[in-house]
Amino acid sequence: MRHVRTTERRSAIAPSMSARESEAELDHPPPLRAVSNSAAAELNSPIPLPPLEKEPISQAQWADWRWQLRHRIRSVDQLLEYFPGLVNPEALGRASERFPLAVTPYYASLIRVAGPADPIFLMAVPQIGELFDGPFLTEDPLSEEEDMPVPGLVHRYPDRALLIATSACAVYCRHCTRKRVTGHREGVMTRAELDRVVAYLRRHPEIRDLIISGGDPLTLATGVLQEILALLRGIPSLEIIRIGTRAPVTMPMRITDELVQMLRRYHPVYVNTHFNHPVELTPESAEACLRLADAGIPLGNQSVLLKGVNDSAEVLETLFRALLRIRVRPYYLFQCDLVQGVEHFRTPISRGLEIMEYLRGRLSGLAIPTFVVDAPHGGGKIPLLPNYILSMSPSHTVLRNFEGMIVSYPEPIAGDQPDPWTPRVGTVGGVWEVATGRRTHLQPERMARQERRLAGRRLGRADADQ
Ligand SMILES: *Cc1c(COP(=O)(O)O)cnc(C)c1O
Ligand code: SF4
Numbered sequence: 000m001r002h003v004r005t006t007e008r009r010s011a012i013a014p015s016m017s018a019r020e021s022e023a024e025l026d027h028p029p030p031l032r033a034v035s036n037s038a039a040a041e042l043n044s045p046i047p048l049p050p051l052e053k054e055p056i057s058q059a060q061w062a063d064w065r066w067q068l069r070h071r072i073r074s075v076d077q078l079l080e081y082f083p084g085l086v087n088p089e090a091l092g093r094a095s096e097r098f099p100l101a102v103t104p105y106y107a108s109l110i111r112v113a114g115p116a117d118p119i120f121l122m123a124v125p126q127i128g129e130l131f132d133g134p135f136l137t138e139d140p141l142s143e144e145e146d147m148p149v150p151g152l153v154h155r156y157p158d159r160a161l162l163i164a165t166s167a168c169a170v171y172c173r174h175c176t177r178k179r180v181t182g183h184r185e186g187v188m189t190r191a192e193l194d195r196v197v198a199y200l201r202r203h204p205e206i207r208d209l210i211i212s213g214g215d216p217l218t219l220a221t222g223v224l225q226e227i228l229a230l231l232r233g234i235p236s237l238e239i240i241r242i243g244t245r246a247p248v249t250m251p252m253r254i255t256d257e258l259v260q261m262l263r264r265y266h267p268v269y270v271n272t273h274f275n276h277p278v279e280l281t282p283e284s285a286e287a288c289l290r291l292a293d294a295g296i297p298l299g300n301q302s303v304l305l306k307g308v309n310d311s312a313e314v315l316e317t318l319f320r321a322l323l324r325i326r327v328r329p330y331y332l333f334q335c336d337l338v339q340g341v342e343h344f345r346t347p348i349s350r351g352l353e354i355m356e357y358l359r360g361r362l363s364g365l366a367i368p369t370f371v372v373d374a375p376h377g378g379g380k381i382p383l384l385p386n387y388i389l390s391m392s393p394s395h396t397v398l399r400n401f402e403g404m405i406v407s408y409p410e411p412i413a414g415d416q417p418d419p420w421t422p423r424v425g426t427v428g429g430v431w432e433v434a435t436g437r438r439t440h441l442q443p444e445r446m447a448r449q450e451r452r453l454a455g456r457r458l459g460r461a462d463a464d465q
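Numbering (numbering that gives the first Met the number 0), first residue to last: 0 to 465.
This is the structure in structure tokens:
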């Protein structure tokens, strides 16, 4: 598959891939079940990425996460070796000075078109747009620095806290919320800092849920991560540990047997990862997720809504369905934060609501994440939904479903309800009738469900006739 992908990419670099082709691909996501065999077969063929052609790399090297980390693309010059046709490299250089650049060879191999038409390219390669700061963007829109009682620990919510264990990631996502931290100096928390965090957590037993994040904690050596986990597990009030990591997406070979065997000793451990586009669901990433799931680690996914990447109901539908197949539960869909350098990724809130409107009812509820705005000024996470409550009276609440059917939900019968009000003659029709219990529902003329029911009835009759 990797071989195929790379070939595709090369042929696609000159002429751009037609919209039809990419749609067809979304309609038919890779058969994730057949993963291991095909992955093994592929690994036997050399990987023809441009810089690697100079010195052929072995299957063992490619599958080694440390090799991937060491061979990350770190400069625009290196990028040019991969993508000679890169437009305006000088400006991209400035963008990468402002916000560090790193792409693993694995993640780079997912790029099929070296330009903004490609979702992986957009997420991994610096863009000129990063040099432009819209009027509302700040360095730390979530005011995390103000919610840090001790360095590296963000205590924002009553019962949970977030640990910034490292500033390093395998790939520096161009849309990262912590652009102020990530990659500027790849550093790990010191033992002294960690001790202060542990002391704080001991003084605050109300914190039951700790999220180890960064940066990406899975860039740490397994032994270092184990030390952190062991220290945390010494705190009796800490009930669950979550790991926030993009490794399954950007460096799936990080999820080794050794790692999952270590993690499972510190249960309950949850992992939240960050897939944004179906192209990221490769045999390798599927294998990484299945391996974590097999170790009893519940997996969630946090996507960010990004213009040009996944601001489409169909792309997200494909993504969320595919995630469930690899046992990852879509958890959050984030509105892009107001962080400097991401103006070009921002979508209006209405786009997210439009997408939620589309998903509800069409997809398994398991596949639908909560759409969340992490509000500026440290407002925290605010879930948003289309409006499903249309009207209310003391006796009835009027709801509408995804099909546009309007239903009345009668409230419990209580002694002190006001008498129903009698309308003037001629006041007929409308939602008001549903709100006062005069009608139980209003229904659109055309609903797929109605057609299904009618067809069923016709079928039933046909059966009876026989
Ligand atoms: C998102 C976040 C959490 C976790 O929030 P959940 O809604 O429980 O997933 C905790 N702390 C901080 C600072 C966060 O930003
Ligand atoms: S992996 Fe996460 S923390 Fe690291 S750059 Fe990407 S979004 Fe930011």
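Beta carbons are placed, not taken as given, at the ideal position from N, Cα and C, and that holds for glycine.
Separation of residue j from residue i, as counted between CA atoms
i    : j    : result
K178 : G455 : 55 Å
G213 : A101 : 15 Å
H273 : M147 : 24 Å
R202 : P235 : 11 Å
D132 : A246 : 29 Å
R195 : L332 : 33 Å
L68  : L217 : 11 Å
N400 : K380 : 25 Å
H395 : A374 : 33 Å
F135 : R452 : 51 Å
P282 : D256 : 17 Å
S37  : C175 : With a pLDDT of 34 at S37, under the threshold of 50, the predicted position of this residue should be treated as unreliable, and no value is reported.
R438 : D158 : 44 Å
D215 : L441 : 50 Å
D336 : P140 : 7 Å
W64  : R73  : 16 Å
A39  : E410 : Note that A39 has pLDDT 31, beneath the 50 cutoff, so the model's placement of it is unreliable and the number below is only indicative. Going from the Cα of A39 to the Cα of E410 covers about 60 Å.
Y171 : S390 : 46 Å
I61  : T249 : Before going further, note that residue 61 is Trp rather than Ile in the sequence given. Approximately 13 Å, taken between the alpha carbons.
H155 : V223 : As written in the sequence, residue 155 is Arg, which differs from the His given in the question. When rounded, the distance between both Cα atoms is 26 Å.
E89  : W66  : 28 Å
Residue i - partner residues in DSSP beta bridges
i    : result
K380 : D373
Y330 : In the DSSP output, where bridge partners are listed per residue, Y330 has none listed.
T272 : N300
T281 : Answer by DSSP bridge pairing: none, since T281 is not bridged.
M391 : T396
H183 : None; H183 has no bridge partner.
H440 : V406
Cβ neighbours of residue i in the same chain (closer than 7 Å, five flanking residues each side left out)
i    : result
S142 : H376, G377
A310 : For the record, residue 310 in the displayed sequence is Asp; it is not Ala. For D310, where only same-chain residues beyond five positions count, the Cβ hits under 7 Å are L304, T346, R350.
L291 : I254, V259, V270, L298
M261 : T221, Q225
E316 : L358, L362
R32  : Caution applies to R32, whose pLDDT of 28 falls short of 50 and renders its modelled position unreliable; the value that the coordinates give is listed next. No residues qualify anywhere along the chain.
E344 : A small fix is needed here, since residue 344 is Phe in this sequence, not Glu. H174, L305, K306, C335, listed in sequence order.
Cβ-based neighbour list, residue i, same chain, cut-off 8 Å, excluding 5 preceding and 5 following
i    : result
I348 : Q334, V372, L383
E238 : R207, D208, P267
Y408 : H395, T396, V397, L398
Q449 : Q442
L323 : P329, S363, L365, A366
Inter-residue CB distance, residue i and residue j (contact presumed, cutoff 8 Å)
i    : j    : result
I163 : G151 : 5 Å
G295 : H276 : Not a contact, Cβ separation roughly 28 Å.
I405 : V427 : With 8 Å as the limit, I405 and V427 do not qualify as a contact, their Cβ atoms being about 16 Å apart.
P115 : L121 : 6 Å
I127 : A94  : 7 Å
Nonlocal neighbours in the same chain, by C-beta distance under 6 Å from residue i, ignoring five residues either side
i    : result
F319 : P329, A366
V327 : C288, L298, N300
F82  : A113
CB contact below 9 Å: residue i versus chain C
i    : result
V433 : Protein chains in the displayed structure number just one, and chain C is not present.
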